[in-house]
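Just so we're aligned: the sequence shown equals residues 52 to 556 in this note's numbering.
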Amino acid sequence: ADGGQVIKISGFHDSIEPKTVFKFQDAEGNENGNKRNETLDTQVCLSFPNSCECIISSGNGFLYLLETGDRGLEPSTWKLIGSVKISDCPQPMILAHSLSVEGGIHCVLLHVDEITKYPALEELKHGHPSVTGIRLVHLKKEQEKKLEIKNLIMWVTLGNVMYTAVEDKDHVLIAADKTVYTIDACTGDIHGSVKEQEIEDDKYVWEQEEGDVRGHFRLEEGVKSTDLEVKIEEFCLKVTKGEQLLVEGEWGGTINKQESSWEVVGERLTLKCKKYNKGEKWEQFLKGSSGGVELQNQVDLQDRLKKLSCLMGGPNSLTQGGTSFNSQQLEDCDEYPSEYSCLEKWNVSCKNVTHKVSLGDHQWLLTCSMLSDSPPAFCVRHDVDGVVWQPEPNVKESWSCKHVGTFHALGYVQAGKEQRKFSVCSPILNYAAICDVKRHVYVYKAPCQLGYQLQNRKTGKKIKKVAYQQVINLEANNEEILGLFGGNNRLFVLTSTLMYAVHIM
Numbered sequence: 052a053d054g055g056q057v058i059k060i061s062g063f064h065d066s067i068e069p070k071t072v073f074k075f076q077d078a079e080g081n082e083n084g085n086k087r088n089e090t091l092d093t094q095v096c097l098s099f100p101n102s103c104e105c106i107i108s109s110g111n112g113f114l115y116l117l118e119t120g121d122r123g124l125e126p127s128t129w130k131l132i133g134s135v136k137i138s139d140c141p142q143p144m145i146l147a148h149s150l151s152v153e154g155g156i157h158c159v160l161l162h163v164d165e166i167t168k169y170p171a172l173e174e175l176k177h178g179h180p181s182v183t184g185i186r187l188v189h190l191k192k193e194q195e196k197k198l199e200i201k202n203l204i205m206w207v208t209l210g211n212v213m214y215t216a217v218e219d220k221d222h223v224l225i226a227a228d229k230t231v232y233t234i235d236a237c238t239g240d241i242h243g244s245v246k247e248q249e250i251e252d253d254k255y256v257w258e259q260e261e262g263d264v265r266g267h268f269r270l271e272e273g274v275k276s277t278d279l280e281v282k283i284e285e286f287c288l289k290v291t292k293g294e295q296l297l298v299e300g301e302w303g304g305t306i307n308k309q310e311s312s313w314e315v316v317g318e319r320l321t322l323k324c325k326k327y328n329k330g331e332k333w334e335q336f337l338k339g340s341s342g343g344v345e346l347q348n349q350v351d352l353q354d355r356l357k358k359l360s361c362l363m364g365g366p367n368s369l370t371q372g373g374t375s376f377n378s379q380q381l382e383d384c385d386e387y388p389s390e391y392s393c394l395e396k397w398n399v400s401c402k403n404v405t406h407k408v409s410l411g412d413h414q415w416l417l418t419c420s421m422l423s424d425s426p427p428a429f430c431v432r433h434d435v436d437g438v439v440w441q442p443e444p445n446v447k448e449s450w451s452c453k454h455v456g457t458f459h460a461l462g463y464v465q466a467g468k469e470q471r472k473f474s475v476c477s478p479i480l481n482y483a484a485i486c487d488v489k490r491h492v493y494v495y496k497a498p499c500q501l502g503y504q505l506q507n508r509k510t511g512k513k514i515k516k517v518a519y520q521q522v523i524n525l526e527a528n529n530e531e532i533l534g535l536f537g538g539n540n541r542l543f544v545l546t547s548t549l550m551y552a553v554h555i556m
């Protein structure tokens, strides 16, 4: 978008040919692109709910539905079907995802709001001055370029929203690093287990994998690691602060004391313990404790999706035979965040969670739209790799995500990029890209067949595939990078005055 216009670009061989296909208009049909930019600097978002229509959010409350025609043909003017102003939505806002459903189009909007508007959350704010709002609206076409808009459900969370998408008419997916609550669109009242969450936060949550178990305890504000004395023994745990006993109990199983550790990040004490008997499933974190809440489905998720077999070179894996690293081989930049994210599937009609999966330590890396009629795929870190999962909709009882690819060492690479701003990958997963705030874009290509023979001189092993890493240097342009998009064979980099189209060989 440029100055209240949408520009389509074609022709990438010798020259780039931009053509204006739409100018922003308000709900009354008056062109207001320049006025919008003068009054409020907001982020314009485009989303394609189907093959022939487009939804545009102006960022300051306007939604436009356009007829694009066949977007694979030569650019033609997009026709305005209708527009609508969302009067009660905080500004600015962004359009996260849209999808055609029966009777219209579902759109998911994101915005930031003041926490003072939600008194029920203030007791849980823990230093957060704002909340992230998520709103699902339904658009229906009317005559005379008007749209009927209906608020279906609203959510708020004190954490970050890494991912939200419409799965189908009745379900929405949300990934956040803190609890998500539904709210009443009229009164702003919170619906959900806020009081129950207070009790849980005052005690602890825990989770386990095949060889590890982790517990997370909330601390009082201002408590530092130097204030605590943590004794991790083979069969028991004791945590004190001066003469005050905070936690004491016997482990739910046996641990390896030498390979266990603890840390304080923010207002949480995290215990990371290595199971003595790998594969043993603990029933409790501390025996006899009724205050611990297990984050379910982490082990079940691994079984259902066969994560381990996929990572070791499943049939859909982009890279075969990835290497695992232990904690001694990783660096400081590889430390996982203290917050543990969850991916939730919400039923819009019932306003409840039907499926919830803890992502544990697996950092969220990026999202990618691979299928037009499905939610975007997402890439999370596992060890040092980036593993790509595609949510599979239209599953009534059981719900799963399909492993569709792996970017070898992408998690390790991204962790070392302290100046990174955007991370993307192509829909066909042949490369991933990370850009800094300015100048540099790093492109990582999946291993491909060599047209020649290559042999390791020391081991004599013949190399059949090689992965490439390249750096794009925008040295002549010192402007901040405002956007990054990965196509199948071209990478687009946007600054305030220029857009670069990079051909990926």
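Glycine included, each C-beta is placed from N, C-alpha and C at the ideal position. Please read all numbers here as calculations on a predicted model, not as lab measurements.
* Give the straight-line distance between the Cα atoms of glutamate 306 and glutamine 259, rounded to the nearest whole angstrom. => Here the sequence assigns isoleucine to residue 306, which means glutamate is not the residue at that position. Cα to Cα, isoleucine 306 sits roughly 12 angstroms from glutamine 259.
* Counterpart residues of glycine 266 in DSSP-defined beta bridges -> Bridge pairing for glycine 266: Trp257, Leu322 [DSSP].
* Between which two residues does the beta strand (DSSP E) carrying leucine 117 extend? -> Run containing leucine 117: 113-118, per the beta strand (DSSP E) assignment.
* Asked: So is serine 102 buried or exposed if we call it buried at 16+ other beta carbons inside 10 Å?
  -> Looking at its Cβ environment, which holds fewer than 16 other Cβ atoms inside 10 Å, serine 102 is exposed.
* **Element boundaries [beta strand (DSSP E), containing tyrosine 463]** => Unbroken run through tyrosine 463 is the alpha helix (DSSP H), 461-466; no beta strand (DSSP E).
* Terminal residues of the beta strand (DSSP E) in which glutamine 568 lies -> Not covered by the structure: residue 568. The range shown for the chain is 52 to 556.
* Quick one: is lysine 326 buried, meaning 16 or more other Cβ sit within 10 Å of its Cβ, or exposed? -> Burial check for lysine 326: the Cβ neighbour count within 10 Å reaches 16 or more, so the residue is buried.
* To do: For methionine 363, I'd like the list of residues in its chain whose CB is within less than 6 angstroms of its CB, leaving aside the five on either flank, ordered along the chain.
  => Because the pLDDT of methionine 363 is 30, which lies under 50, any placement of that residue in the model is unreliable, and the number read from its coordinates should be weighed accordingly. So no residue of the chain qualifies.
* Asked: Between the stretch 546-556 and the stretch 522-537, do three or more beta carbon pairs fall short of 8 angstroms?
  -> Judged by pairs of C-beta atoms under 8 angstroms, the stretch 546-556 touches the stretch 522-537, as three or more such pairs exist.
* Thinking C-alpha only, which one of Gln520, Pro170, Val212 is nearest isoleucine 225? -> The residue with the shortest Cα to Cα distance from isoleucine 225 is Val212.
* Would you mind reading off the limits of the beta strand (DSSP E) that contains leucine 209? => From DSSP, leucine 209 is part of no beta strand (DSSP E); its letter is neither H nor E.
* Just the Cα atoms here: how many angstroms apart are lysine 472 and leucine 160? -> Cα to Cα, the separation comes out at about 21 angstroms.
* Going by Cα to Cα distance, which pick from Val488, His189, Asp424, Thr510 is closest to threonine 546? -> Selected option, being the one with the closest Cα: Val488.
* Take glutamate 153 as the anchor and find which of Glu530, Leu337, Glu218 has the nearest alpha-carbon. => Ranked by Cα distance from glutamate 153, the options Glu530, Leu337, Glu218 are led by Glu218.
* Asked: Using 8 angstroms as the threshold, is the stretch 255-270 in touch with the stretch 473-484, meaning 3 or more CB pairs across them?
  -> Contact fails: fewer than three Cβ-Cβ distances are below 8 angstroms.
* **Run of the beta strand (DSSP E) containing methionine 144, from where it starts to where it stops** => Run containing methionine 144: 144-152, per the beta strand (DSSP E) assignment.
* Once you ignore the five residues that flank leucine 533 on each side, which residues in its own chain have a CB closer than 7 angstroms to its CB? -> Result list for leucine 533: Leu545, Thr546, Ser547, in chain order.
* Taking 8 angstroms as the threshold, find out whether the stretch 266-285 comes into contact with the stretch 309-319 through three or more Cβ pairs. => Yes: at least three Cβ pairs fall under 8 angstroms.
* Top-ranked residue by Cα proximity to serine 127, from Lys136, Arg269, Ser134, Leu117 -> When only C-alpha atoms are compared, the closest one is Leu117.
* With DSSP as the reference, please indicate the residues paired to aspartate 436 in a beta bridge. => Beta-bridge analysis with DSSP links aspartate 436 to His433.
* To do: Whole angstroms is fine: what's the gap from glycine 262's alpha carbon to glycine 330's?
  => In this model, glycine 262 and glycine 330 are separated by some 6 angstroms (Cα to Cα).
* With a 10 Å radius around its C-beta and 16 neighbouring C-beta atoms as the bar for buried, classify phenylalanine 73 as buried or exposed. => Counting C-beta atoms within 10 angstroms of its own C-beta, phenylalanine 73 has 16 or more neighbours from the protein chains shown and is therefore classed as buried.
* For serine 400, verify whether its CB is less than 7 angstroms away from any heavy atom of the ligand ATP. => In the structure shown, the ligand ATP is absent, as is every other ligand, since no ligand is present at all.
* Proximity winner among Glu195, Glu199, Val231, relative to threonine 208 (alpha-carbon distances) -> When only C-alpha atoms are compared, the closest one is Val231.
* Asked: So does the stretch 404-418 actually touch the stretch 192-200, counting three or more Cβ pairs closer than 8 angstroms?
  -> No, the stretch 404-418 is not in contact with the stretch 192-200.
* threonine 374 burial status per 10 Å Cβ neighbour count (16 or more: buried) -> Confidence is the limiting factor: at threonine 374 the pLDDT is only 45, short of 50, which leaves the residue's position unreliable and the question unanswerable from this model.
* Asked: beta strand (DSSP E) containing proline 427: first to last residue?
  -> Per DSSP, proline 427 belongs to no beta strand (DSSP E) and is neither H nor E.
* For alanine 227 versus serine 392, is the C-beta spacing smaller than 8 angstroms? -> Taking 8 angstroms as the cut-off, the Cβ atoms of alanine 227 and serine 392 count as close.
* Which residues in the same chain as glycine 266 place their Cβ atom closer than 6 angstroms to its Cβ, once the five residues preceding and following it in sequence are excluded? -> The residues are Tyr255, Trp257, Leu322, Phe336.
* **Three-state secondary structure (DSSP) of proline 498** => In this structure, proline 498 counts as strand in the three-state DSSP scheme.
* To do: Use the C-beta contact count for lysine 229: other C-beta atoms within 10 angstroms, 16 or more gives buried, fewer gives exposed.
  => Around the CB of lysine 229, 16 or more other CB atoms lie within 10 Å, so the residue is classed as buried.
* What runs of the beta strand (DSSP E), each 3 residues or longer, lie entirely inside the stretch 488-555? -> DSSP runs (the beta strand (DSSP E)) wholly in the stretch 488-555: 491-506, 513-524, 534-537, 541-545, 550-554.
* Asked: Whose CA, out of Gln500, Lys515, Cys499, lies closest to the CA of glutamine 506?
  -> Residue Lys515 holds the alpha-carbon nearest to the alpha-carbon of glutamine 506 among Gln500, Lys515, Cys499.
* Beta-carbon proximity list for histidine 162, same chain, < 8 angstroms, skipping 5 on both sides -> Counting only residues of its own chain and dropping the five nearest sequence neighbours on each side, histidine 162 has a CB closer than 8 angstroms to the CB of Cys140, Pro141, Gln142, Pro143, Met144, Ile145, Thr183, Gly184, Arg186.
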